[in-house]
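**Student:** Have a look at the structure that comes next, please.
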Amino acid sequence: MDILKSITEELPKCIVDAGFEAANIVLYTNDADFFKESEPKIKELVNKFKKRIELRADEKLLLTQEKTKKIIEETVPVEAELTNIIFDQPRSLVVIEAKKPGLVIGKQGSILQEIKNKSFWIPQVQRSSSIPSKITESVREALYANNSYRRKFLNLTGEKIYKDWTNEKKEEWIRLTMLGSGRQVGRSCLFLQTPQSKILLDCGVDVASHGAEKFPYFDVPEFDISALDAVILSHAHLDHCGLVPYLYKMGYKGPIYMTYPTRDIAALLGLDFIGVAYKQAAAPIFSSTDIKEMVKHSICLNFNEVTDIAPDIRITFYNSGHALGSAMTHINIGNGAHNLLYGADIKYMKTRLLDPAITSFPRVETVIIESTYGGKNDILPPRSESENNLLEIIKKTIEREGKVLIPELGLGRAQETMLIIDDAIKSGKLPPIPVYIDGMIWDINAIHTAYPDYLSQSVKAQIFQDKNPFVSEVFKRVGSSLERKEVIEGGPCVVLATSGMLVGGASVEYLKNFAGNKRNSIVFVCYQGVGSLGRQIQEGLKEIRSEDGQVIPVNLEVNKLDGFSAHAGRTELLNFIKNCKPKPKRIIINHGEVSKCLDLASTLYKIEKVETNVPRNLETLRLK
Ligand SMILES: [Zn+2]
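For what it's worth, this note's numbering labels the leading residue of the sequence shown as 1, then goes sequentially.
So, in structure tokens, the structure goes:
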């Protein structure tokens with residue numbers, strides 16, 4: 001039986017259209033009174049069908065956009081600071097962007113209710129970032145510029161999810177194939193199959209590798225892009241998201257599920273990835289059109305929001321504590337027949353920026369966990385110790401009139417380092433020195449301010465009180481190559497620049513200029529992939545070669561501070577599993593160098609007495 005038919009049969013004749021928005025069911029009415037008084041009836045249906053059901057006004061009822069705009073401007077208090085009003089006509093929605101979204105909503109939603117009753121549009125509220133963010137604006141633009149396509153796409157996605165709505169018991173098996181990240185860090189890509197669904201978990205690139213080794217194994221016979229039902233993206237680091245636009249280039253037209261910040265940052269990183277490829281005189285493997293396709297097909301979920309993504313698969317995102325918007329995905333397969341937690345990258349400790357990963361789940365049988373710092377010797381030093389070390393290095397370097405370079409991933413550590421430095425300068429632990437921010441970091445700061453709900457309580461409170469730490473006067477943005485030259489030729493300073501592993505980007509430019517002088521320092525605060533320039537310098541590389549063949553000696557002081565890692569250290573990983581509720585029966589370890597994965601697996605097996613697996617790339621495990 002068709003679910004839409006079952007629902008509309010219970011409603012009066014004034015329902016003129018019914019469709020899907022992915023897993024949500026949307027009904028359209030042409031009866032003004034029913035529209036205003038339908039709430040109890042819709043609630044009753046939600047309880048009966050256990051699906052999200054929404055009633056909207058048919059186009060004929062909608063007030064003109066002009067009149068609606070006027071109503072919104074009159075109803076919303078000025079203090080809310082409206083920044084934009086976007087109409088999504090095909091879906092009868094109006095998106096209201098404001099600096100203070102709470103004031104747009106009103107007490108118990110009173111203001112929204114008033115707008116809805118007067119205009120028949122369904123208002124949705126979005127926070128505008130306090131630092132203007134071009135990327136967030138253009139992502140939102142791309143979504144609404146294609147809204148007729150989007151309505152069709154969401155409906156088609158829903159039709160696929162509900163195609164077997166009758167809940168007949170089917171033969172069940174679940175298989176998981178490693179297309180990447182098996183016994184390595186980089187190119188995370190896991191392929192989950194059931195008799196009814198094919199799902200891709202992450203689709204990353206190994207930035208530190210070369211040739212085919214960079215990309216996941218798409219050429220296995222069972223991977224057919226046209227048969228793929230959905231892609232789930234855990235977070236926006238290139239080793240997890242780098243190849244998602246390429247899937248769209250190869251003809252994938254299905255949904256990609258992620259959190260809102262992940263969508264914006266993934267789009268930004270994709271554009272930067274193209275830029276870096278051009279600078280290295282290599283042809284980028286996808287274009288900005290493919291990134292736009294990714295955005296057009298994105299379906300964003302908040303943490304703890306349960307949603308069906310295929311006839312037999314339901315997912316929920318949980319905070320993973322690793323970077324803004326980073327999620328663990330709880331995957332309920334076959335109506336509870338098996339529960340899989342894809343941990344992706346986690347941090348099981350409170351940082352300045354984020355709260356620790358969640359460990360309580362409704363049910364879990366299998367956990368997939370990372371092992372970036374899972375080796376015996378990967379006991380990360382306490383954060384306070386690393387913070388003091390960082391400040392000490394900066395102080396000493398400045399005293400000897402040197403410059404400090406901190407290569408950063410755009411997302412995550414850069415913001416954490418900024419919070420530490422801001423705090424140290426304001427509290428007098430560091431003298432008031434110039435701190436420069438170069439590369440993508442600034443744009444990503446802006447995205448942080450657009451989604452404060454994803455940040456730790458303390459940073460969120462600061463942003464809500466208009467004491468946004470990311471716009472502190474301590475930081476100066478380097479916006480052009482001329483400004484970069486001034487920093488290079490200028491006096492002692494601290495520079496935070498992308499990329500984090502010294503693989504292209506601004507950080508490499510600074511390195512070339514800072515490397516020769518022993519008064520300068522470099523501080524590594526994030527993981528350095530095998531083969532990357534960063535890793536080679538950590539391991540004692542004596543000279544670097546620039547593109548024009550110039551040889552530059554590496555004389556600067558090299559420091560490595562593991563305590564800042566956005567990845568859980570060995571102790572955190574063991575604690576995460578220990579505290580997992582309920583206790584998993586099986587643990588699959590990936591995303592770590594081979595010895596570290598094996599090491600973590602054998603320890604977990606001994607402590608937890610559960611089955612552990614360390615699959616190689618191309619290996620398939622049967623989960624049920
Ligand atoms: Zn990551």
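We put the CB at the ideal spot given by N, CA and C, even for glycine. A quick note: this is a predicted structure, and the numbers were derived from the prediction, not measured.
Tell me the residue span of the beta strand (DSSP E) that contains residue 408.
**Tutor:** Here residue 408 corresponds to residue number 408 of the sequence shown, with the count starting at 1. Here residue 408 belongs to no beta strand (DSSP E), and DSSP marks it neither H nor E.
**Student:** In this structure, how does DSSP classify residue 47 when only helix, strand and coil are distinguished?
**Tutor:** Taking the sequence shown and counting its residues from 1, one reaches residue 47 at position 47. Residue 47 falls in the helix class under three-state DSSP.
**Student:** So for residue 377, helix, strand or coil by DSSP?
**Tutor:** Sequence index remark: in the sequence shown, residue 377 carries index 377 (1-based). Three-state result, residue 377: coil.
**Student:** Taking 9 angstroms as the CB-CB cut-off, is residue 91 touching chain C?
**Tutor:** The displayed structure is made up of one protein chain only, and chain C is not part of it.
**Student:** Around the Cβ of residue 237, are there at least 16 other Cβ atoms within 10 angstroms (buried) or fewer (exposed)?
**Tutor:** Taking the sequence shown and counting its residues from 1, one reaches residue 237 at position 237. That one is buried.
**Student:** Output yes or no for whether 9 angstroms exceeds the beta carbon distance between residue 502 and residue 552.
**Tutor:** Residue 502 sits at position 502 when you count from the first residue of the sequence shown. Residue 552 sits at position 552 when you count from the first residue of the sequence shown. Cβ atoms of residue 502 and residue 552: not closer than 9 angstroms.
**Student:** Less than 9 angstroms between the beta carbons of residue 615 and residue 621, yes or no?
**Tutor:** Sequence index remark: in the sequence shown, residue 615 carries index 615 (1-based). Sequence index remark: in the sequence shown, residue 621 carries index 621 (1-based). Yes, Cβ-Cβ distance for residue 615 and residue 621 is below 9 angstroms.
**Student:** How many angstroms separate the CA atom of residue 49 from the CA atom of residue 33?
**Tutor:** As a first step, residue 49 is located in the sequence shown; it is residue number 49 there, counting from the start. As a first step, residue 33 is located in the sequence shown; it is residue number 33 there, counting from the start. Going from the Cα of residue 49 to the Cα of residue 33 covers about 24 angstroms.
**Student:** Verify the contact flag: residue 378, CB atom, against every heavy atom of ligand 1, threshold strictly below 8 angstroms.
**Tutor:** For the purposes of this step, residue 378 is taken as residue 378 along the sequence shown, with counting starting at 1. Not under cutoff, so the answer is no.
**Student:** Alpha helix (DSSP H) containing residue 146: first to last residue?
**Tutor:** Start at 1 with the first residue of the sequence shown, and residue 146 comes out as number 146. Careful: residue 146 lies outside any alpha helix (DSSP H) and carries neither H nor E.
**Student:** Roughly how many angstroms lie between the CA atoms of residue 227 and residue 51, to the nearest whole one?
**Tutor:** Within the sequence shown, the letter at position 227 stands for residue 227. Within the sequence shown, the letter at position 51 stands for residue 51. Distance between the alpha carbons of residue 227 and residue 51: 26 angstroms.
**Student:** Just the C-alpha distance for residue 665 and residue 12, rounded to the nearest angstrom, thanks.
**Tutor:** This structure cannot speak to residue 665, because the chain is shown only from 1 to 624.
**Student:** Have a look at the DSSP bridge pairing and note the partners of residue 553.
**Tutor:** For the purposes of this step, residue 553 is taken as residue 553 along the sequence shown, with counting starting at 1. Answer is 543, bridged to residue 553.
**Student:** Closer than 5 angstroms from C-beta to any heavy atom of ligand 1: which residues, in chain order?
**Tutor:** 237, 345
**Student:** First and last residue of the beta strand (DSSP E) that includes residue 191?
**Tutor:** Taking the sequence shown and counting its residues from 1, the one referred to as residue 191 is at position 191. From DSSP, the beta strand (DSSP E) with residue 191 extends over 189–193.
**Student:** Tell me whether residue 410 is buried or exposed, calling it buried when 16 or more other Cβ atoms sit within 10 Å of its Cβ.
**Tutor:** Counting from one through the sequence shown, the residue named residue 410 turns up at place 410. By the 10 Å Cβ count, residue 410 comes out buried.
**Student:** Pick out the complete alpha helix (DSSP H) segments inside the stretch 235–317, 4 residues or longer, and give them in chain order.
**Tutor:** 238–241, 244–249, 260–279, 288–296, all fully within the stretch 235–317.
**Student:** Which residue comes first and which comes last in the alpha helix (DSSP H) that contains residue 365?
**Tutor:** Locating residue 365 in the sequence shown gives position 365, where the first residue counts as 1. Counting along the chain, residue 365 falls outside any alpha helix (DSSP H), and DSSP gives it neither H nor E.
**Student:** Count the CB pairs spanning the stretch 219–226 and the stretch 258–269 that are closer than 8 angstroms, and state whether there are at least three.
**Tutor:** no
**Student:** How about the stretch 243–253 and the stretch 273–290: do they share at least three Cβ pairs that are nearer than 8 angstroms?
**Tutor:** yes
**Student:** For the pair the stretch 366–383 and the stretch 597–608, tell me if three or more CB-CB distances fall below 8 angstroms.
**Tutor:** Cβ pair count under 8 angstroms is three or more, so yes.
**Student:** Using beta-carbon positions only, say whether residue 318 and residue 573 come within less than 9 angstroms of one another.
**Tutor:** Stepping through the sequence shown from its first residue, residue 318 is reached at position 318. Stepping through the sequence shown from its first residue, residue 573 is reached at position 573. Taking a C-beta distance under 9 angstroms as the contact criterion, residue 318 and residue 573 do not qualify as a contact pair.
**Student:** How would you call residue 330, buried or exposed, if buried means at least 16 neighbouring beta carbons within 10 angstroms?
**Tutor:** The residue you call residue 330 lines up with position 330 of the sequence shown. Under this definition residue 330 is a buried residue.
**Student:** Return the residue from the list 570, 567, 613 that minimises the CA-CA distance to residue 585.
**Tutor:** Counting from one through the sequence shown, the residue named residue 585 turns up at place 585. Checking every option, the nearest Cα to that of residue 585 belongs to 613.
**Student:** From 70, 38, 197, pick the residue whose C-alpha is nearest to that of residue 118; which is it?
**Tutor:** As a working mapping, residue 118 is identified with position 118 in the sequence shown. In terms of Cα proximity to residue 118, the closest of 70, 38, 197 is 70.
**Student:** How big is the Cα-Cα spacing for residue 446 and residue 477?
**Tutor:** Position 446 of the sequence shown, counting from 1, holds the residue named residue 446. Position 477 of the sequence shown, counting from 1, holds the residue named residue 477. Annotation: residue 446 to residue 477 spans about 13 angstroms, alpha carbon to alpha carbon.
**Student:** What would DSSP say about residue 585, mapped onto helix, strand or coil?
**Tutor:** Looking up residue 585 in the sequence shown gives position 585. Three-state result, residue 585: coil.
**Student:** Write down the C-beta distance between residue 197 and residue 346 rounded to the nearest angstrom, noting that I regard them as a contact closer than 8 angstroms.
**Tutor:** Counting from 1 along the sequence shown, the entry for residue 197 is found at position 197. Counting from 1 along the sequence shown, the entry for residue 346 is found at position 346. Not really, about 25 angstroms apart at Cβ, beyond 8 angstroms.
**Student:** Could you please give me the residues that DSSP links to residue 88 through a beta bridge?
**Tutor:** In the sequence shown, residue 88 corresponds to position 88, counting from 1. 93, per the DSSP bridge assignment.
**Student:** Mind checking who residue 125 pairs with in its DSSP beta bridge?
**Tutor:** Counting from 1 along the sequence shown, the entry for residue 125 is found at position 125. The partner list for residue 125 (beta bridge, DSSP) reads 96.
**Student:** Quick one: using the 10 Å Cβ neighbour count with 16 as the cut-off for buried, is residue 181 buried or exposed?
**Tutor:** Looking up residue 181 in the sequence shown gives position 181. It counts as buried.
**Student:** So, at 6 angstroms on beta carbons, what are the nonlocal neighbours of residue 438 in its own chain, with the 5 sequence-adjacent residues on each side left out?
**Tutor:** As a working mapping, residue 438 is identified with position 438 in the sequence shown. Taking residue 438 as the centre and dropping the five residues before and after it, the same chain places the C-beta of 478, 497, 506 closer than 6 angstroms to its C-beta, in chain order.
**Student:** Counting along the chain, where does the alpha helix (DSSP H) carrying residue 111 start and finish?
**Tutor:** One-based indexing of the sequence shown puts residue 111 at position 111. For residue 111, the enclosing alpha helix (DSSP H) has its first and last residue at 110–119.
**Student:** My guess is that residue 124 and residue 93 are in contact by the Cβ rule of under 8 angstroms, so how many angstroms apart are they, rounded?
**Tutor:** Here residue 124 refers to the residue found at position 124 when the sequence shown is read from its first residue. Here residue 93 refers to the residue found at position 93 when the sequence shown is read from its first residue. Indeed they touch by this definition, with Cβ atoms about 6 angstroms apart.
**Student:** Look at the alpha carbon of residue 500 and the alpha carbon of residue 218, and state the distance between them as a whole number of angstroms.
**Tutor:** Position 500 of the sequence shown, counting from 1, holds the residue named residue 500. Position 218 of the sequence shown, counting from 1, holds the residue named residue 218. For residue 500 and residue 218, the distance between alpha carbons rounds to 27 angstroms.
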